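See below for the structure under consideration.
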Amino acid sequence: MLLAGTLVADSTTVIEDGAVVTIEDEIVFVGPHHEATERYPDHERRAFDIVAPGLVGAHIHSVQSLGRGIADDEELLDWLFDHVLPMEAEMDAEAMSVAATLGYLECIESGTTTVIDHLTVTHAEQAFEAAGSVGIRGVLGKVLMDTDSPDGLLEETEAGLRESERLIEKYHGAFDDRIRYAVTPRFAVTCTEDCLRGARDLADQYEGVRLHTHASENESECERVREKTGKENIEWLHEVGLTGPDVVLAHCIWTNEHERDLLAETDTNVVHCPSANMKLASGVAPIDEYRERGITVALGNDGPPCNNTLDAFTEMRQASLLAKVDALEPTALPARNVFEMATTNGAQAAGFDRVGKLEPGWKADVIGLSTESSRATPVHDPLSHLVFAAHGDDVEFTMVDGRVVYDQGHTTVDAPAIRARARELATQY
Ligand SMILES: [Zn+2]
Numbered sequence: 001m002l003l004a005g006t007l008v009a010d011s012t013t014v015i016e017d018g019a020v021v022t023i024e025d026e027i028v029f030v031g032p033h034h035e036a037t038e039r040y041p042d043h044e045r046r047a048f049d050i051v052a053p054g055l056v057g058a059h060i061h062s063v064q065s066l067g068r069g070i071a072d073d074e075e076l077l078d079w080l081f082d083h084v085l086p087m088e089a090e091m092d093a094e095a096m097s098v099a100a101t102l103g104y105l106e107c108i109e110s111g112t113t114t115v116i117d118h119l120t121v122t123h124a125e126q127a128f129e130a131a132g133s134v135g136i137r138g139v140l141g142k143v144l145m146d147t148d149s150p151d152g153l154l155e156e157t158e159a160g161l162r163e164s165e166r167l168i169e170k171y172h173g174a175f176d177d178r179i180r181y182a183v184t185p186r187f188a189v190t191c192t193e194d195c196l197r198g199a200r201d202l203a204d205q206y207e208g209v210r211l212h213t214h215a216s217e218n219e220s221e222c223e224r225v226r227e228k229t230g231k232e233n234i235e236w237l238h239e240v241g242l243t244g245p246d247v248v249l250a251h252c253i254w255t256n257e258h259e260r261d262l263l264a265e266t267d268t269n270v271v272h273c274p275s276a277n278m279k280l281a282s283g284v285a286p287i288d289e290y291r292e293r294g295i296t297v298a299l300g301n302d303g304p305p306c307n308n309t310l311d312a313f314t315e316m317r318q319a320s321l322l323a324k325v326d327a328l329e330p331t332a333l334p335a336r337n338v339f340e341m342a343t344t345n346g347a348q349a350a351g352f353d354r355v356g357k358l359e360p361g362w363k364a365d366v367i368g369l370s371t372e373s374s375r376a377t378p379v380h381d382p383l384s385h386l387v388f389a390a391h392g393d394d395v396e397f398t399m400v401d402g403r404v405v406y407d408q409g410h411t412t413v414d415a416p417a418i419r420a421r422a423r424e425l426a427t428q429y
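Each residue of the sequence shown is one higher than the one before, starting from 1 at the first, in full-length UniProt numbering.
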């Protein structure tokens with residue numbers, strides 16, 4: 001396919017009147033439009049105002065989609081234990097399937113082509129199947145909770161690890177390797193030492209399996225970990241094996257100097273979720289400092305009950321604005337750095353090679369956007385436009401691995417039926 005328009009190829013490259021050519025799952029050409037049409041005269045052609053790499057949501061909870069709006073104006077641990085975990089505990093297989101499908105639809109409709117998805121304890125298989133049906137790229141994981149957890153989610157340590165192993169065998173590398181696995185403890189508060197060490201051991205048995213958890217999102221959470229272990233949260237995770245280049249830690253807001261050293265020394269990936277951090281009043285993660293230390297920082301929306309959207313464009317804007325007001329420095333976290341976080345850094349955290357740029361030889365994960373709106377007029381700088389002005393609704397077209405998964409309202413699954421069923425199921429939460 002030949003996709004023409006103004007190309008935002010990566011965080012530093014804009015090509016006016018350009019084109020991307022894809023063959024099967026790969027980008028084969030990025031350059032001037034006229035050259036593309038000369039070299040590929042028989043390719044199917046589409047034109048958009050802006051063509052960009054698909055975005056990476058490096059920490060989401062698709063299965064919380066039915067809880068969008070159920071727990072506004074709450075503190076993290078109350079939000080979690082009083083609202084979100086009870087909802088997850090009650091969800092049956094159908095609800096999980098509908099919630100995950102709804103979440104992935106929202107992603108592809110708004111330009112996110114890759115996710116790192118923190119599922120829940122039960123019925124995780126439904127989300128893997130949903131991801132396969134919708135056609136998104138992702139690293140998914142069933143959640144482990146073996147202590148201090150509500151009924152319906154609390155699980156024996158070994159049972160959780162065995163089920164994770166079964167899912168790895170079935171889905172790691174599934175759907176043409178678009179779907180991979182991350183062993184996913186909820187967080188140190190609801191996981192025993194055996195669970196956390198077992199998660200590391202399990203991940204080490206399989207090439208490419210990641211580890212994904214929450215860390216140091218909130219001061220009360222850090223206090224609970226301190227009471228349980230006598231250690232700071234990141235120090236504890238490091239001791240039990242949950243740091244390293246294959247580890248994805250969401251949040252990392254409340255970290256001391258030593259913990260920041262550990263994150264940098266071990267090449268651990270950090271995911272910044274600014275909207276959720278603001279909404280739950282959790283705090284402001286020291287993103288500029290992490291970046292200066294060479295830590296890979298990606299961007300995530302977290303879950304629909306704490307955001308309340310999976311629109312990655314909103315998240316890019318929030319990330320930059322929050323960094324600027326936190327530092328009282330308007331040059332903090334400019335558009336190019338935020339775009340890196342939402343593309344190549346996210347792909348690196350997820351462990352996908354050649355994802356996150358428009359470049360020959362890279363994966364054909366491409367989005368097309370419209371600027372035919374008053375809000376999007378004029379566009380002086382396309383990169384700035386994507387970070388500060390664009391919305392997910394501007395996305396008209398989404399391709400993942402060379403396959404068109406969203407095209408002006410059309411998807412690979414029956415989206416109106418999924419939304420109708422989601423509205424029915426959500427009335428019970
Ligand atoms: Zn989360």
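Glycine included, every Cβ here is placed at the ideal spot set by N, Cα and C. None of these values were measured; they are calculated from a predicted model.
Not one heavy atom of ligand 1 lies closer than 7 angstroms to the C-beta of residue 42. By the 16-neighbour rule on beta-carbons within 10 angstroms, residue 230 is exposed. Of the residues 335, 270, 311, the one whose Cα lies closest to the Cα of residue 322 is 335. Boundaries for residue 186: no beta strand (DSSP E) harbours it, and the DSSP string shows neither H nor E there.
Inter-residue distance for residue 328 and residue 297 is about 21 angstroms (C-alpha atoms, whole angstroms). Here residue 49 carries a strand assignment [DSSP, helix/strand/coil]. Put simply, the residues with a CB less than 6 angstroms from any heavy atom of ligand 1 are 59, 61, 118, 214, 250, 302, 303, in chain order. Beta-carbon to beta-carbon, residue 240 and residue 200 are separated by about 7 angstroms, close enough to satisfy the 8 angstroms threshold. In the DSSP secondary-structure assignment, residue 5 is bridged to 18.
Nearest Cα to residue 10 within the set 389, 63, 264, 50: 50. Between residue 33 and residue 4, the C-beta spacing is below 8 angstroms. Across the structure, residue 343 and residue 36 are spaced so that their CA atoms are roughly 24 angstroms apart.
By the neighbour-count criterion, in which a residue is buried when 16 or more other Cβ atoms sit within 10 angstroms of its Cβ, residue 361 is exposed. In the three-state reduction of the DSSP assignment, residue 172 falls in the coil class. Around residue 403, the same chain offers 135 as residues with beta carbons nearer than 6 angstroms, after the five sequence neighbours per side are excluded. Comparing alpha carbon positions, the residue from 262, 218, 346 closest to residue 237 is 262. Take the alpha-carbon of residue 146 and the one of residue 186: they are about 10 angstroms apart. Excluding the 5 residues flanking it on each side, residue 407 has same chain C-beta neighbours closer than 6 angstroms at 397, in chain order. A residue is called buried once 16 or more other Cβ atoms fall within 10 Å of its Cβ, and residue 179 is buried on that count. Contact between residue 29 and residue 45 does not hold, since their C-beta atoms are separated by about 13 angstroms, which reaches or exceeds 8 angstroms. Taking a contact to require three or more Cβ pairs closer than 8 angstroms, the segment 339-356 and the segment 292-308 qualify as touching. Per DSSP, residue 286 lies in no alpha helix (DSSP H) segment and is marked neither H nor E. For residue 238, the uninterrupted alpha helix (DSSP H) run begins and ends at 233-239, by DSSP. Annotated three-state conformation of residue 34 is helix, per DSSP.
Here DSSP, grouped into helix, strand and coil, assigns residue 296 to coil. Sorting 272, 373, 307 by C-alpha distance to the C-alpha of residue 333 places 272 at the top. If you look at residue 258, you'll find it in the alpha helix (DSSP H) that goes 257-265. Assigned with DSSP and collapsed to three states, residue 279 falls in helix.
In this structure residue 325 is exposed. Its beta-carbon is surrounded by fewer than 16 other beta-carbon atoms within 10 angstroms.
Put simply, the segment 64-73 does not touch the segment 367-380. Fewer than three CB pairs are less than 8 angstroms apart. In the three-state scheme derived from DSSP, where H, G and I count as helix and E and B as strand, residue 367 is classed as strand. Taking the Cα of residue 111 as reference, the smallest distance to any Cα among 420, 367, 387 is reached at 367. Per DSSP, reduced to three states, the secondary structure at residue 96 is helical. The shortest C-alpha to C-alpha distance from residue 25 to any of 413, 206, 410, 359 is the one to 359. For residue 253, no beta strand (DSSP E) encloses it, and the DSSP letter there is neither H nor E.
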